[in-house]
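According to the numbering used here, the sequence shown is numbered sequentially starting from 1.
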Amino acid sequence: MGGNRPLLLLFDGNALVHRAFHALPPLTVARTGEMVNAVQGFASTLLKVLNEIKPTHWAIAFDRPAPT
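What follows is the structure, encoded as structure tokens:
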């Protein structure tokens, strides 16, 4: 898309992490046993969208842990 006009993509970070966590089978790091499926899915989705759309600018917003 890019072209001559600036293009800003905004991502809902919490929604992407939640979706990635539930969409992928459990992936763990052998030494620590920590689950990394949400991180892997989040990064994979983000890179795919950025490579396909090629925005000039992008940002990710996350919810605060406390009520707003």
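Here a beta-carbon is modelled for each residue, glycine too, at the ideal position from N, C-alpha and C. Keep in mind it's a predicted model, so treat the numbers as computed, not measured.
Task: Spatial distance of T56 from L9 (CA atoms) - done: Walking along the sequence shown from the start, residue 56 turns up at place 56. Walking along the sequence shown from the start, residue 9 turns up at place 9. Cα-Cα distance, rounded: 8 Å.
- [ ] Note the first and the last residue of the continuous beta strand (DSSP E) segment covering A66.
- [x] As a position in the sequence shown, residue 66 is number 66, starting the count at 1. First-last for A66: undefined, no H or E at that position.
- [ ] Compare the C-alpha of R19 against each of A30, N4, V39, R31 and name the closest.
- [x] Within the sequence shown, numbered from 1, the residue matching residue 19 stands at position 19. Nearest of A30, N4, V39, R31 to R19, Cα basis: V39.
Task: Whole-number beta carbon distance between D12 and A66, since they are thought to touch under 8 Å - done: Taking the first residue of the sequence shown as position 1, residue 66 is located at position 66. Taking the first residue of the sequence shown as position 1, residue 12 is located at position 12. Incorrect: roughly 18 Å between the Cβ atoms, too far for contact.
Open item on the list: Given this structure, state the Cα-to-Cα distance separating T32 from P26, to the nearest angstrom.
Closed with: As a position in the sequence shown, residue 32 is number 32, starting the count at 1. As a position in the sequence shown, residue 26 is number 26, starting the count at 1. Cα to Cα, T32 sits roughly 14 Å from P26.
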